[in-house]
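Residue numbers (this note's numbering), protein chains in the order written: chain A, 46 to 407; chain B, 344 to 428; chain C, 4 to 199. For every residue, glycine included, the Cβ atom is placed at its ideal position computed from N, Cα and C. Beneath this line is the structure, given in structure tokens, with notes to follow.
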Amino acid sequence: MSFIVDYNCFTPLGPDLQTTLGRLEEGVSGIQHFENSELLPFPYYAARLPEPVIHHPGFTRLENMLIRALAPVVERNPLSGKSLLLVSTTKGNIGAIAGGEAVQDAFLPVMAAKVARYFGFSETPWVLSNACVSGLLAVAVAGRMIDAGAYEHVYIVAGDEVTEFVLSGFAGFQALSSGPCRPYDKSRDGVTLGEAAAAVLVSNAGGLFRVAGNGAVNDANHISGPSRTGEGLYQSIRRALDEAQLSGPELDFISAHGTATEYNDEMEAIAFDRLGLNRVPVNSLKGYFGHTLGASGLLEAVISFESARKGILYPSLGFETSGVSREINVIRQPEKRPVKYFMKTASGFGGCNTAVIFENLN
Amino acid sequence: MDQLKLEIKEKIIAALNLEDVTAADINDDDALFGDGLGLDSIDALELIVMLDKDYGIKLSDPKEGRNIFRSVNTMAAYIAEHRTK
Amino acid sequence: MNNTFYIQSYCEIRDGAIRLNGEEVFSAEAESFADFAKQAYHHFETGYPKFFKMDKLSKLAFLAASRLLTEGSNTALVFANRSASLDTDLVYQQSIGDKEAYYPSPAVFVYTLPNICLGEISIKYKLYSENGFFVFENFPAAFFPAYAHTLIRTGKADDVLCGWVEMLGEEYRALVYRVGKQGLMEHNEQNLNRWI
Numbered sequence: 046m047s048f049i050v051d052y053n054c055f056t057p058l059g060p061d062l063q064t065t066l067g068r069l070e071e072g073v074s075g076i077q078h079f080e081n082s083e084l085l086p087f088p089y090y091a092a093r094l095p096e097p098v099i100h101h102p103g104f105t106r107l108e109n110m111l112i113r114a115l116a117p118v119v120e121r122n123p124l125s126g127k128s129l130l131l132v133s134t135t136k137g138n139i140g141a142i143a144g145g146e147a148v149q150d151a152f153l154p155v156m157a158a159k160v161a162r163y164f165g166f167s168e169t170p171w172v173l174s175n176a177c178v179s180g181l182l183a184v185a186v187a188g189r190m191i192d193a194g195a196y197e198h199v200y201i202v203a204g205d206e207v208t209e210f211v212l213s214g215f216a217g218f219q220a221l222s223s224g225p226c227r228p229y230d231k232s233r234d235g236v237t238l239g240e241a242a243a244a245v246l247v248s249n250a251g252g253l254f255r256v257a258g259n260g261a262v263n264d265a266n267h268i269s270g271p272s273r274t275g276e277g278l279y280q281s282i283r284r285a286l287d288e289a290q291l292s293g294p295e296l297d298f299i300s301a302h303g304t305a306t307e308y309n310d311e312m313e314a315i316a317f318d319r320l321g322l323n324r325v326p327v328n329s330l331k332g333y334f335g336h337t338l339g340a341s342g343l344l345e346a347v348i349s350f351e352s353a354r355k356g357i358l359y360p361s362l363g364f365e366t367s368g369v370s371r372e373i374n375v376i377r378q379p380e381k382r383p384v385k386y387f388m389k390t391a392s393g394f395g396g397c398n399t400a401v402i403f404e405n406l407n
Numbered sequence: 344m345d346q347l348k349l350e351i352k353e354k355i356i357a358a359l360n361l362e363d364v365t366a367a368d369i370n371d372d373d374a375l376f377g378d379g380l381g382l383d384s385i386d387a388l389e390l391i392v393m394l395d396k397d398y399g400i401k402l403s404d405p406k407e408g409r410n411i412f413r414s415v416n417t418m419a420a421y422i423a424e425h426r427t428k
Numbered sequence: 004m005n006n007t008f009y010i011q012s013y014c015e016i017r018d019g020a021i022r023l024n025g026e027e028v029f030s031a032e033a034e035s036f037a038d039f040a041k042q043a044y045h046h047f048e049t050g051y052p053k054f055f056k057m058d059k060l061s062k063l064a065f066l067a068a069s070r071l072l073t074e075g076s077n078t079a080l081v082f083a084n085r086s087a088s089l090d091t092d093l094v095y096q097q098s099i100g101d102k103e104a105y106y107p108s109p110a111v112f113v114y115t116l117p118n119i120c121l122g123e124i125s126i127k128y129k130l131y132s133e134n135g136f137f138v139f140e141n142f143p144a145a146f147f148p149a150y151a152h153t154l155i156r157t158g159k160a161d162d163v164l165c166g167w168v169e170m171l172g173e174e175y176r177a178l179v180y181r182v183g184k185q186g187l188m189e190h191n192e193q194n195l196n197r198w199i
């Protein structure tokens, strides 16, 4: 069995979990409007970290984000026994290739090794780069390796930056929102990007939550558009439920992916509907943080851990009127509710999907 | 206009990596999306970039693309009217 | 279930040649990987025009996987490399690098994630299965057995396609193999180290 033992985050809402959570609970969003930015030749919305981010010289901006998120977790849980560092990111130090060359910093194993060395991990770190499910898939991978007896502790750190590279790409996809993103809403019109780092320690004992079930199944449909039947997400959730020995309605809430594109949110609603999860309270946290790519699955899991621990369901910021074709129960205001089980889901380019179910042990 | 239509066919083939398709294979009135040439959503986005890059046309609403890219005929008509390059 | 798993079949692509289970099944003189890939595509009568939209990493992964896969199996895809999607990232960077000629290409951007190659394979072979793309400095001979075996043991996959698919510039190497309960050679770290 594998357990969530500790966690932290470094976000535009705060340099640590408590500050971030405090502002989130006040309904504050990290999303702002940017004009005249070198990152994009026209105005856009994004959730960006306040500068300066770099506290540790000799490390890139993203490496600083990862270090700042993970440091308190390592401090509270010093390395011992068989420990692995698992780094999750979609683009790493992608800004380093702005000159058109594949410089050393741009290689993900180089970045991960620097972070591993900083904290004193003796083993080569693993890097998971699997689009926007990376942060959540890392939890599933960690749980699987601990269950297999290969490791006692897996320290996961996930991060991505708002960069010219990614902003321009989403702009080319006509997928950037015209205002702060509005997951599941009728007037949603695209993604708001964000940057953040998050860290989670998964161990073979003790802890706050048990990793009860997981699944990560591909849509086998299209490399950038989600399946119209939500097949991959449906199967991922089905496998997670089966492993957790649940049928669905036992879930106290779902922290979903909710990127606020027309197709993603509709696909999720279809998958949830197929599984009979229509009444389970659902939120997307992207109204607070934007879409933080490789960090999103982990960051949103971290916030959801606190949500479950405190027994408060957080509203899906940006939602007013349903704009999906199936009935889903989007959380509109904070609600006190004891949480025994919750599920985090994520989906991403390449047709990937991941679902992880957690049991609250508190 | 015929020269423009030929040029458009060649650009479509190059921009969208349509292997084993020649300009002669594409009729002026063939549906480009759906059943015709079978282009998809990414292809549509790439054609929007092509309009800008090669003809200096910036679409104010990308949804217009659906009508503009219906066939080589509709594309040629739109480009002839709006090109700035 | 016992603790031993086996390499059932394998495909290696490097230096202008494709080898299946140790025997060369195709080779070509080619100016570039793209040209080599096109010749291989035609040689194997692939009949899948979407191949030509793929980036080089996806073409490499696809060519190797297509020697080993059939449709619809519960085969997990566990791939890794050193450069992630850097080869395509550099191509995309060119489309945004010049502010006077700023034309971000959606067709290129969609491939600026290394796991897209897994999506391409899943689509072609209708694999509704576990996927994971990892990045390591060198061929991870300890990782592949550790992760692949747990997927099979826990019933998350019937078998696993493991793949090292490295692509950067004109340097490419694919070593893709299928792991299951029976096969030619025991799948473990020592054998992999000797093999690669």
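For Ile385/B, the nearest CB of chain C lies under 7 Å from its own CB, placing it at the interface with that chain.
The alpha helix (DSSP H) runs of length 4 or more contained entirely in the stretch 37-109 of chain C are, from start to end of the chain, 59-68 and 89-100. Interface annotation, Ala33/C: not in contact with chain B, CB-CB separation never under 7 Å. Proximity to Ala183/A across Glu71/A, Asn405/A and Asn398/A peaks at Asn398/A, based on C-alpha coordinates. Between Thr274/A and Tyr90/A, the C-beta spacing is not below 7 Å. Scanning its chain for C-beta atoms nearer than 6 Å, with the 5 sequence neighbours on each side dropped, one finds around Pro117/A the residues Asn53, in chain order.
According to the DSSP secondary-structure assignment, Ala244/A is paired through a beta bridge with Asn53/A and Val202/A. Those residues of the stretch 405-420 of chain B placed with their C-beta closer than 7 Å to a C-beta in chain C do not exist.
Contact of Lys127/C with chain B is not assigned, every C-beta pair being separated by 7 Å or more. For Cys165/C, the uninterrupted beta strand (DSSP E) segment begins and ends at Asp162 to Leu171. For the stretch 258-284 of chain A, the beta-carbon criterion of a distance under 8 Å to any beta-carbon of chain C is satisfied by Gly260, Ala261, Val262, Asn263, Asp264, Ala265, Asn266, His267, Ile268, Ser269, Glu276, Gly277, Gln280 and Arg284.
With contacts defined as CB atoms closer than 7 Å, Val392/B and Tyr106/C qualify as a contacting pair. Pairing Val148/A with Phe39/C, the inter-Cα distance amounts to about 27 Å. The alpha-carbon of Leu130/A is positioned some 21 Å away from that of Ile348/A. Taken through DSSP and simplified to helix, strand or coil, Asn138/A comes out as coil. One finds nothing in chain B with a Cβ atom closer than 7 Å to the Cβ of Val138/C; even the nearest lies about 25 Å away. In the DSSP assignment, Glu189/C is bridged to Tyr9/C.
Assignment of beta-bridge partners to Met388/A by DSSP yields Ile299/A and Ile402/A. For the C-beta of Val392/B, the chain A residues within less than 9 Å are, from N- to C-terminus, Gly217.
In the structure shown, the three-state DSSP call for Glu15/C is strand.
The continuous alpha helix (DSSP H) containing Pro117/A extends over residues Arg106 to Arg121. When Glu206/A, Tyr386/A and Phe152/A are compared, the shortest CA-CA separation from Asp297/A is found for Tyr386/A. Annotation: Ser35/C to Lys53/C spans about 20 Å, alpha carbon to alpha carbon. Residue-level contact by beta carbon fails for Phe334/A and chain C, as no gap is shorter than 7 Å. Put simply, the backbone Cα of Pro143/C is about 46 Å away from that of Lys406/B. For the stretch 91-110 of chain C, the set of residues with a beta-carbon nearer than 7 Å to any beta-carbon of chain B comprises Tyr106, Ser108, Pro109 and Ala110, in chain order. Taking every protein chain shown into account, the CB of Lys231/A has fewer than 16 other CB atoms within 10 angstroms, so this residue is exposed. Put simply, the stretch 373-391 of chain B does not touch the stretch 286-297 of chain A. Fewer than three CB pairs are less than 8 Å apart. At least 7 Å separates the beta-carbon of Pro148/C from that of Phe136/C. For Leu58/A, not one C-beta of chain C is nearer than 7 Å to its own C-beta. Residue range Glu174 to Gly183 is occupied by the beta strand (DSSP E) that includes Tyr175/C, with no alpha helix (DSSP H) assigned at that position. In the displayed model, Leu130/C falls within coil according to three-state DSSP, outside both helix and strand.
Close partners of Pro86/A in chain C (Cβ separation under 7 Å): Tyr105. Shortest Cα-Cα distance from Ser361/A to any of Gly67/A, Glu276/A and Gly72/A involves Gly72/A.
At a cut-off of 7 Å between beta-carbon atoms, Leu153/A makes contact with chain C. With at least 16 other beta carbons inside 10 angstroms of its own, Ser108/C counts as buried.
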